[in-house]
Structure formats: structure tokens, C-alpha cells
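Heads up, the sequence shown is in this note's numbering, so the first residue is 1 and it goes up one at a time.
Take a look at the structure below.
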Amino acid sequence: MKLAKNLALAAVAAGFALPAAAQTVGIATNPQGSLYYRVGAAVAKLMNEKLEIKARVQPFSGSSTYIPLIGSHEVQMGLVNVSDSVKARKGEGAFEGRPQSNLRALNVMFALPFAFLVPEDSPIKKLEDVKGKRIPTAFTSQTTINDLQEAILANGGMKPSDVKGYPVPNVFKGVDVLGEDKVEAAATAVGIAAIQKANIKMRSRGGVRFIPINTDADALARMSAVVPSRPMTLNPAPHLTGIKESTATMAFLAFLTANDKMPDETAYNIVKMLHGSKPELVKITKALNSFDPKGMTFKFDAEYHPGAIKFYKEIGQWPPK
């Protein structure tokens, strides 16, 4: 038994793919119950069923905790948003002085639409109207939101100094204070439960609505210079409170990310399996409605896994756009 274990470890160290049944892969996510956890659980389920890879979700307190573990090969893969991925690679922000050069992107897993929310009767009709208004700021327990908000402000030709701040710990509280009339607009992810509560609180004002981002090339370039992103247009739906008409939002991307020790064959098989599995993924969690088999790559400052690149070349998604 000990000899077999040593041979298996040697095979991994040499970069050889083990038989599928012998592989065990951990998928790092945010805490149980979170969006990342639900997505990670869906991926693990299909890896077990379709690839016969023993995959399991490993929840952590946050990505700043588990990204270094992926980079140091203690965890095989995880869900990493585009902003954290860039900062980790460069050794910036929470990763100051600890560049994570071993990370390898596998695929875009989902997109989280993000935009400014206002009361229905607000005079704010376009993004530029947010200038000079009071909005939630600081986001002390969700610092990535500062980057997203700055990116959307840049889309409208503004800087953080062009608005008045109201410090909040997180995006949920930011939407809450909008419902309490303490701010005039709040940047938030579309679809969170706090929006429904704010919509009810502001019933006398017609509820809430989202402000579209600008989709001209210059505006998108300004936005992506802050946070690599792409536009995502949403249409009204029962679960999208505040989307009153076709509305362009900023798509904040989350990637399935591995490291340089994952065998090429394993990476290839994972992305190929996911490419053909959207119906099954959505059946497991509606959070993966935004998973796009035709958009599994995205051009940003990251190194993709060579096994994934091989598959993307086969289906015409390489190089990323």
C-alpha cells in the first residue's frame, strides 16, 4: 500500500495523469451556502458523475485564504473572481508581497451582473447622473466591491472622489441604506435578496430600478482598466427585481482556477465536460444560468492551463477575446 501511494505521488510530481478513479480533487470555495459554494458543489457533482474524478468542495472563509493554498498546491482548484485573480498574480492587495505565479485559469464559470440601483422616481436616469450623489462606500468586509464600484464609475467617466460616501460593511447593507433613503444610489449585484426588501420598502416611490452602464468602446475600456470585465445585458424576469427594461450591466467574472501541478489531461477533461454540461449545471443550481459554453475564455492578465488551452483551440475559443 505504501509503495502504491509513493508511486502515485511520484506520477503526479512528474506531471503524469493518474487513472480517473485514482484522482481526488478539492474545489475551494467561500463558506457553505454562498454562491461560490453552490457553484463549486455543482462542478464537483459532475466531475464525480461524468469524469469519475473524486471531487469535493472545500469551503473557506474567503478567497484571500484559499487562493494561496491553490498556488502552493495544497488545494487543486477553486472559484476565483477576475479581480482577485489579477491581484494574486501580481502580488497586490490582500496578496501584497506574495505573488501567486502558480495559478492557472481553466474557464469562466459564471458572470455576476453589477450596476447602480436607484428608487424608481429618482432623477438619476443615466450613469453620469450619479456624479455628486451620496452612495455606499468603504465595504469593509467586502473590499472587492470597492473595485467594482470604481469600475462602474469609470464607465460613466467618474472617479470615487466624484461622489459622496456613506460607509457600509458590505453590498447588502449598501442596498439596505438605499431602502432607508440614506443614500441616493447603490452599486450592487443583480438578484440579491436585499434588493427585494428595498423594493418593498420603496413601494411608495415605485420600487427600485437599475441604471444601465454605457456600452460604447471608450466606456467599456475605462471600466475594464479598473476591473477586467465585459457588458452583460439583462431583460426583465421575475427573479431580477429592478430590471424594468433591457439593461446593460457590468459582468463580473468568476473563474474555475487550478495550479501548474494539475495534469494537462485532467484540465482538458474538466473544461471539455463543463462545455457540454450546461443543462445539468443549471439543473443543480440556477446560479449557473450565466455559464456560457461559447464564452469560456476571457482575455485578462492570467495564465491559462495548457490542458484547457488545448481544448479551446479545438473549439475555436483560443486565443481569448
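Here a beta-carbon is modelled for each residue, glycine too, at the ideal position from N, C-alpha and C.
Please read all numbers here as calculations on a predicted model, not as lab measurements.
Beta carbon of residue i nearer than 8 Å to that of residue j
i	j	result
V324	P136	Residue 324 is absent from the structure shown; the chain starts at 1 and stops at 321.
F255	L106	yes
L234	T215	no
V43	F300	no
R104	Y268	no
A198	V163	no
E184	K133	yes
K244	R203	no
T257	G62	no
P274	V282	According to the sequence provided, residue 274 is Leu. The question's Pro does not apply to it. Cβ atoms of L274 and V282: not closer than 8 Å.
T285	V39	yes
I309	M47	no
Beta-carbon proximity list for residue i, same chain, < 8 Å, skipping 5 on both sides
i	result
N6	Annotation note: pLDDT 39 at N6 (below 50); position unreliable, coordinate value reported separately. Within the same chain, N6 has no close Cβ partners at all.
E180	K201
M232	A111, P113, A248, T249, M250, A251 and S290
T144	N81, S83 and D84
A187	F114, A115, F116, L117, I135, P136, I145, L148, Q149, I152, V171 and G174
CB-CB length for residue i against residue j, believed under 8 Å
i	j	result
I53	V25	6 Å
Q100	R89	6 Å
Neighbourhood of residue i by C-beta distance below 6 Å, restricted to the same chain and skipping five residues each side
i	result
K324	Any property of residue 324 remains undetermined from this structure, which presents the chain solely from 1 to 321.
P338	Because the chain in this structure spans residues 1 to 321, residue 338 falls outside the shown range and cannot be described.
Y312	T297 and W318
V226	E150, A151 and A154
Alpha-carbon spacing of residue i relative to residue j, whole angstroms
i	j	result
F172	N259	32 Å
G316	K50	23 Å
G191	S161	28 Å
M223	N155	5 Å
A111	G242	18 Å
I152	I67	26 Å
N102	Y166	38 Å
A13	M262	Bear in mind that the predicted position of A13 carries a pLDDT of just 39, short of 50, making it unreliable; the figure below should be weighed with that in mind. Cα-Cα distance, rounded: 10 Å.
N129	L148	Going by the sequence as given, residue 129 is Asp instead of Asn. Cα to Cα, the separation comes out at about 18 Å.
S64	A55	22 Å
I213	L127	6 Å
A21	A237	A caution first: A21 carries a pLDDT of 46, below 50, which makes its placement in the model too unreliable to give a value.
A302	K321	13 Å
G157	P228	16 Å
Contacting residues, own chain, Cβ-Cβ under 7 Å from residue i (five flanking each side not counted)
i	result
R205	P119, E120 and D121
A41	V57
Q196	T241
Coil, strand or helix - residue i by DSSP
i	result
N302	Here residue 302 turns out to be Ala, not Asn, going by the sequence shown. Three-state result, A302: coil.
F95	helix
L117	strand
A237	coil
Q328	Residue coverage of the chain in this structure runs from 1 to 321, which leaves residue 328 outside it and unanswerable.
A44	helix
Q196	helix
F252	strand
V25	strand
T257	strand
G242	coil
G307	helix
K88	First, the residue type needs correcting, since residue 88 is Ala and not Lys in the sequence shown. Note: A88 maps to helix in three-state DSSP.
T65	helix
I53	coil
N214	coil
M109	strand
P160	helix
T143	coil
V202	Note that residue 202 corresponds to Met in the displayed sequence, not to Val. In the structure shown, M202 sits in coil (DSSP, three-state: anything other than H, G, I, E or B).
M273	helix
I315	helix
P293	coil
P231	strand
A13	Reliability fails at A13, whose pLDDT of 39 lies under 50, so the model's placement of it is uncertain and no value is given.
Q149	helix
T285	coil
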